[in-house]
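Novice: In terms of full-length UniProt numbering, the sequence shown has 28 at position 28, counting the first letter as 1, and numbering is strictly consecutive.
The beta carbon of each residue, even a glycine, is placed where N, CA and C say it ideally should be.
Remember, predicted model here, so these are calculated numbers, not experimental data.
This is the structure I want to talk about, given as structure tokens.
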Amino acid sequence: MRCYAFLQLIQTGYTMLSTQHAGSGLLLLGLSASPQVALAAQNWSCPEAPVTHKNTEKKSYPIPKGLPEKAVYIEADQALFKDEGQSILDGAVIIIKDSTQLKADLATYEQQTQQVSAEGNVYFISDGLELNTEKLNFNLATSTGEMQQADYQFSSTDGRGSSQKIRREANGVARLTEASYTTCPLDNNTWSLHAKSIKLDQESETGTARNLSLRIKDTPILYLPYFSFPLSDKRKSGFLTPSLATNVKSGVHVSIPYYWNMAPNYDLTLTTNFLSQRGVKLNSDFRYLSNKQNGAFQYDFLPGDNEYNNKNRYFFNLDYTRKLSENSELTLDAKGVSDNQYFEDLGTSLESSSIVNLERTFSYITRRDDWSFSALLQDFQILDSDNEAYARLPQLKLDWNPAKTENGIEWAFNSEYTFFSNSSSDDGHRLTAEASAKKRYGNEFAYITPAVKLQHASYQLDQDNDRQVNRTLPTVSLDSGLFYERELKDGKLIQTLEPRIHYTYTPFKEQSGTPVFDSSGKTLSYSQLFSDNRFTGKDRVEDANRLSTSLTTRFQNQRTGREVFRASVGQLYHFNDRKVFLPGETIETGTRSELVFEAAGELNASTRMTATAFVDTDETNISASQIKINYKDKKERILNLGYNQRQADYEAAHISFATPVTKSWKLAGSYEHDLKNDRMLESVIGIEYTDCCWKGRIAGRKYLLSDNTSYDDAIFVEIELKGLSSFGSSARKFLSNQIYGYE
């Protein structure tokens, strides 16, 4: 026969609210005597009965319904209440108070102090932590206690461990002696952390460990005399995971970052980098954030580079944004390096080694209703003298773009003043203004949109006897299209047919004497077919008398509206020679552009394809093309194929893949080849091993440097411990950047 009791503390003792015997109804006693009187009246025990709840099961006991707040629930095979306020419980003992639950073979409970002593197969759960031990002393009122030789498990994670002694103090601090931790399953301690002592402070949300070691299969591989870690998602000062990498130019690269949580709204990360061939490089990264401003400052410093004549080298990057009002803000962005070879020597990718200039800008912008005004100061640190850009000192813009239109007409006005400066070319002032209007007529099946635009530019060149140049040109255009759709026979797909015609006219005006500050030719694309100007910037306005035609068809899922496949074809037709050109170009006399093809769609549930092609209809050849095929199935098998060709000077093919080899092993790689010059551009190979509680990755990379003659090598190694962090270089991030779909 099982014994049950609800106990609730009152001012001078407790009240037994109810007792229940198995198979009987609930008896409300309603006693409210002192502890001595109540126990004298209820000095009873229950006969032994079969155990119905094993305390070794890691399962919380359901809290009885109607249990008053702060009440203590007790259940046991046998129970004896003594006059001095002590309860002796024997056999499958269960004690519950709020979120704290205890199960044991034997237990004593002190009514006055709520002190519990338990022995034999003790299972204890509180605040998401489960513990198994042979002996426990715990106070339910103060949540303090101690246990010996305990195994613990976090309820919400796979984290578990053991400790020779666990003591919880009244201030919320928990102390563990000779403790271990792992996320591996039982009997599989592939890795584990061991510490002489651990202190967990819930109030400061901080944990500290002393004499900490990381063990792989019981073999120590890393030792830290002191380690501090957060007990919540809040930031905390301390060392972060170190990283390891290697490349040809710097050798072995070991990084040890330290994070300093200076305040809730600003922090600093200091990283010491040991470069075996160059020396010690110091990185600092400061960030701050407030209601009206935010920013970041990065400064990297390498004193006495062994590979650069022992010269000091540095890089800095400053980002700052200040919100002046609801509609106005200031921004500052400045980058700089010590020398032109910095990214070539210390960059970690082909992209960084190809940087030719570094931008520095200071800007102000304000918006009110439909108006906006901005001011910009822009300069560059030139790393390649063949690519010197113009500085803007300053650039002022005033724009009017009304959100609401009157009578359906969309009006716009844009104006700009800029002073351009360049050490190797003429400085000059440029003032531009542009006014435009357009209106759309149509419905869901057809539309026509006439538009008109007037563009003015005025130049004054400081180094050419203050020569002035003025230009005013109108542009008119007419855009039109139809929309047809039909339901296919299976009823699952809808096919659309969307023809489009766009006409643009801008009269010719001689512009060869106009400087080129920020203009360049636009690369032909499908969207460019419908642009009013084939030049970027404001220094050139195309003499356009052309017609664009295109046809698009789409296949869409009728139920979801998702686009399954899309194909477009279009072409430009010129009615006059193009006499406006950039320096180094000549008059274009062709009557039509290349035929532009675009297609994208799902070949099946796992495969998607995108393709573009430019066909020279005069020479009947493909002048440029690109095709990509991406495959990824439910088994995480990935295959990406790519081909890219531009004119006669570039042709390259790319392949990347990732596939599970076994349940634990995954192989990944990529390769890009220059077909024109028959050389490798980049190759990557990576291997990943996954266990139930850790992952290991290693990746190797070889890539062509920007000089187009030499190569650099790099190796990335990363070990990820489940539930903790990863150490080594970020091989996963590197592989995900190289292989589309890799996770």
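#1: What residue range does the alpha helix (DSSP H) around phenylalanine 734 cover?
#2: Do glutamate 119 and glutamate 130 come within 8 Å of each other at the CB atom, strictly closer than that value?
#3: In the DSSP assignment, what are the bridge partners of arginine 430?
#4: For threonine 617, which residues of its own chain have a beta-carbon under 6 Å away from its beta-carbon, when the five flanking residues on both sides are left out?
#5: Could you check whether the segment 267-279 touches the segment 729-739, counting it as contact only if at least three pairs of C-beta atoms, one from each stretch, sit closer than 8 Å?
#6: Is the distance from the Cβ of tyrosine 259 to the Cβ of serine 284 below 8 Å?
#7: Within 10 Å of its beta-carbon, does valine 93 have 16 or more other beta-carbons around it, so buried, or fewer, so exposed?
#8: For lysine 695, I'd like the list of residues in its chain whose CB is within less than 6 Å of its CB, leaving aside the five on either flank, ordered along the chain.
#9: At the level of alpha carbons, what is the spacing between serine 425 and leucine 376?
#10: Apart from the five residues on each side of it in sequence, which residues of its chain come closer than 6 Å, Cβ to Cβ, to phenylalanine 530?
#11: Please list, in chain order, all residues of the same chain as arginine 467 whose beta carbon is under 7 Å from its beta carbon, the five residues on each side excluded.
#12: According to DSSP, is tyrosine 643 part of a helix, a strand, or is it coil?
#13: Measuring CB to CB, does isoleucine 448 end up less than 8 Å from leucine 478?
#14: How about asparagine 294 and threonine 321: are their beta carbons less than 8 Å apart?
#15: Among the residues of its own chain, which have a CB less than 7 Å from the CB of threonine 113, if the five just before and after it don't count?
#16: Quick check: the Cα distance between leucine 39 and tyrosine 109, rounded to an integer number of angstroms?
#17: Rounded to whole angstroms, what's the CA-CA distance from tyrosine 226 to glutamate 178? Just pull it up for me.
#18: My output table needs one value for alanine 41: the three-state DSSP class, helix, strand or coil.
#19: Compute the Euclidean distance between the alpha carbons of glutamate 84 and glutamine 111, then round it to the nearest angstrom.
#20: Tell me which residues share the same chain as glutamine 558 and place their Cβ nearer than 8 Å to its Cβ, disregarding the 5 neighbours each side in the sequence.
#21: Give the secondary structure of tyrosine 742 by DSSP, where H, G and I count as helix, E and B as strand, and everything else as coil.
#22: Pick from Met680, Asp90, Tyr671 and Ile687: whose alpha carbon is nearest that of threonine 709?
#23: Taking C-beta to C-beta, are residue 749 and arginine 215 nearer than 8 Å?
#24: Comparing alpha-carbon positions, which option in Asp633, Arg646, Glu651 and Glu688 lies nearest lysine 666?
#25: Given a cut-off of 8 Å on the beta-carbon distance, is the pair threonine 475 and lysine 453 in contact?
#26: Exposed or buried, which one is proline 515 when buried takes at least 16 other CB atoms within 10 Å?
#27: Among the candidates Ser99, Lys281 and Leu398, whose CA atom is the shortest distance from the CA of threonine 68?
#28: In this structure, does DSSP put tyrosine 342 in helix, strand or coil?
#29: Excluding the 5 residues flanking alanine 600 on each side, which residues of the same chain have their C-beta closer than 6 Å to its C-beta?
#30: Report, in whole angstroms, the separation of the C-beta atoms of aspartate 734 and alanine 699, which I expect to be a contact under 8 Å.
#31: Provide the residue(s) that pair with phenylalanine 614 in DSSP beta bridges, ordered along the chain.
#32: Leaving out five residues on either side along the sequence, give the residues of the same chain with a beta carbon under 6 Å from the beta carbon of phenylalanine 301.
#33: What's the call for arginine 359, buried or exposed, on a 16-neighbour Cβ count within 10 Å?
#34: Please classify tyrosine 342: is it buried, with 16 or more other beta-carbons within 10 angstroms of its beta-carbon, or exposed?
#35: Could you name the residues of the same chain whose beta carbon sits closer than 6 Å to that of arginine 500, not counting the 5 residues immediately before and after it, in chain order?
#36: So aspartate 712 and valine 248 are in contact, right, with Cβ under 8 Å, and what is the actual spacing, rounded?
Specialist: Based on what the coordinates show:
#1: In the DSSP assignment, phenylalanine 734 falls within the unbroken alpha helix (DSSP H) covering 731-738.
#2: No, these two residues do not count as a Cβ contact at 8 Å.
#3: When beta bridges are read from the DSSP output, arginine 430 appears opposite Thr418 and Tyr459.
#4: Here the set comprises Leu595.
#5: At 8 Å Cβ cutoff, the stretches do not touch.
#6: Cβ atoms of tyrosine 259 and serine 284: not closer than 8 Å.
#7: Residue environment: valine 93 is assigned as buried (16 or more neighbouring CB atoms within 10 Å of its CB, all protein chains considered).
#8: Excluding residues within five positions, the ones whose Cβ falls inside 6 Å are Glu720.
#9: If I take the Cα positions, the gap works out to 21 Å.
#10: So the qualifying residues of the chain are His502 and Ser548.
#11: Here the set comprises Leu461.
#12: It is a strand residue.
#13: If you check the CB distance, isoleucine 448 and leucine 478 come in under 8 Å.
#14: Against a cut-off of 8 Å, the Cβ pair of threonine 321 and asparagine 294 comes out as a contact.
#15: So the list reads Asn139 and Ala141, once near-sequence residues are dropped.
#16: Because the pLDDT at leucine 39 is just 25, under 50, the model does not fix this residue reliably, and the value given afterwards should be weighed accordingly. About 13 Å.
#17: C-alpha separation (whole angstroms): 14 Å.
#18: Bear in mind that the predicted position of alanine 41 carries a pLDDT of just 26, short of 50, making it unreliable; the figure below should be weighed with that in mind. In the structure shown, alanine 41 adopts helical secondary structure according to DSSP, grouped into three states.
#19: If you take the alpha carbons of glutamate 84 and glutamine 111, they lie about 9 Å apart.
#20: The answer, listed in chain order, is Glu487, Gly491, Lys492, Leu493 and Ile494.
#21: Looking at tyrosine 742 - three-state DSSP - the assignment turns out to be coil, as it is neither helix nor strand.
#22: Nearest of Met680, Asp90, Tyr671 and Ile687 to threonine 709, Cα basis: Met680.
#23: In the structure displayed, the chain extends from 1 to 743; residue 749 sits before or after that span and is not available.
#24: Here the closest residue by C-alpha is Glu688.
#25: Closer than 8 Å, so yes.
#26: The residue is buried, with at least 16 neighbouring Cβ atoms inside 10 Å.
#27: Checking the displayed sequence, the identity of residue 68 turns out to be proline instead of threonine. When only C-alpha atoms are compared, the closest one is Ser99.
#28: DSSP, reduced to helix, strand and coil, places tyrosine 342 within a helical segment of the structure shown.
#29: Contacts found: Arg566 and Thr610.
#30: The residue asked about is misnamed: residue 734 is phenylalanine in this sequence, not aspartate. 6 Å between Cβ atoms; contact.
#31: The beta-bridge partner set that DSSP reports for phenylalanine 614 consists of Val596 and Ala624.
#32: Result list for phenylalanine 301: Leu282 and Tyr314, in chain order.
#33: Correcting the residue identity first, residue 359 is glutamate in this sequence and not arginine. Burial call: exposed.
#34: Label assigned to tyrosine 342: buried.
#35: Answer for arginine 500: Gly481 and Ser550, listed in chain order.
#36: Yes, they are in contact, since the Cβ atoms of aspartate 712 and valine 248 sit about 5 Å apart, within 8 Å.
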